[in-house]
Amino acid sequence: MATVMASGNADMELAAVELVDPRPDSNVAMIGCGPGVGVVAGARRAPNGIVIGLDPSAVMVERTRTRCRRERVEHLTRVERAAAESLPLPDRSQDAVVSVNNIQLWSDRSIGLDECVRVLAPGGVLVVLLHTWAMPDDVPYAEWVAELRTDLSARDVQVEPPQTQRFRSGPAMVLIGRSAR
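Laid out in structure tokens, this is it:
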């Protein structure tokens with residue numbers, strides 16, 4: 030499973046890190062980090078910051094830790110078992126929060142978004158990527174994206190118009206927001 034996730038999401042994880050464009054001292058939270066491809070990429074871009082990999086799966090947490098050790102970036106990372114709805118991070122501590130292919134799996138999207146916004150530093154960036162084929166079946170794509178934009182705007186996140194980008198594993202919604210708080 031971890032191999033499938035690493036290969037299936039790798040290009041999206043790398044794209045998310047590029048969209049964040051972290052400074053060398055950035056603190057970045059990767060929600061649902063899976064096997065850690067994005068965590069390693071972020072750590073390489075922010076060698077004076079810290080990249081925090083968070084995943085509700087103990088297996089994925091261990092895979093991420095192993096990847097970070099193998100890639101020699103463990104001193105630039107912290108990896109913990111946590112869900113989006115309960116981020117173990119201080120308020121306004123993250124320059125960026127990233128979610129790749131997992132927002133649709135959150136048990137409560139509203140609480141997860143509250144948590145993302147809570148930990149974002151003023152002017153911090155939120156990047157959400159999600160395969161269009163992974164959207165919930167009961168809500169049309171355009172409606173789901175509009176709802177997400179509305180939810181974020183209500184939380185003082187200035188959201189750019191969403192884009193659809195093609196990745197190796199298929200088309201995905203790319204949504205970028207910036208905390209106005």
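Remember, my numbering sits 29 above the position in the sequence shown when you count from 1.
By construction, the Cβ of each residue, glycine as well, lies at the ideal position given by its N, Cα and C atoms.
Model, not experiment: these values are computed from the prediction.
Residue range of the beta strand (DSSP E) that residue i falls in?
{"i": "V203", "result": "G199 to S208"}
{"i": "D124", "result": "Q123 to V129"}
{"i": "A58", "result": "N56 to I60"}
Suppose you measure from the CA of residue i to the CA of residue j; what does that come to, to the nearest Å?
{"i": "Y170", "j": "S139", "result": "18 Å"}
{"i": "D180", "j": "L118", "result": "21 Å"}
{"i": "A120", "j": "S198", "result": "Rather than Ala, the amino acid found at residue 120 in this sequence is Asp. Answer to the nearest angstrom: the Cα atoms are 34 Å apart."}
{"i": "A183", "j": "V108", "result": "30 Å"}
{"i": "N130", "j": "P85", "result": "14 Å"}
{"i": "D185", "j": "R195", "result": "29 Å"}
{"i": "P51", "j": "L149", "result": "14 Å"}
{"i": "G37", "j": "G206", "result": "24 Å"}
Would you grab the beta carbon distance between residue i and residue j for me? Rounded to a whole angstrom, and I think it's under 8 Å.
{"i": "M89", "j": "C62", "result": "7 Å"}
{"i": "D124", "j": "G153", "result": "5 Å"}
{"i": "V102", "j": "R73", "result": "7 Å"}
Apart from the five residues on each side of it in sequence, which residues of its chain come closer than 6 Å, Cβ to Cβ, to residue i?
{"i": "P200", "result": "T161 and T193"}
Please report whether the beta-carbon of residue i lies at a distance below 9 Å from any beta-carbon of chain B.
{"i": "M59", "result": "No chain B is present in this structure, which holds just one protein chain."}
Closer than 7 Å by C-beta to residue i: which residues in its own chain qualify, once you throw out the five before and the five after it? Chain order, please.
{"i": "P151", "result": "R121, S208 and R210"}
{"i": "S55", "result": "A75, G78, D124 and A125"}
Bridge partners for residue i per DSSP, in chain order?
{"i": "I81", "result": "A58 and R107"}
{"i": "R195", "result": "P200"}
{"i": "V188", "result": "G206"}
For the alpha helix (DSSP H) holding residue i, just list the boundary residues, first then last.
{"i": "T161", "result": "First-last for T161: undefined, no H or E at that position."}
{"i": "V88", "result": "A87 to R99"}
{"i": "D167", "result": "Careful: D167 lies outside any alpha helix (DSSP H) and carries neither H nor E."}
{"i": "L142", "result": "R138 to V148"}
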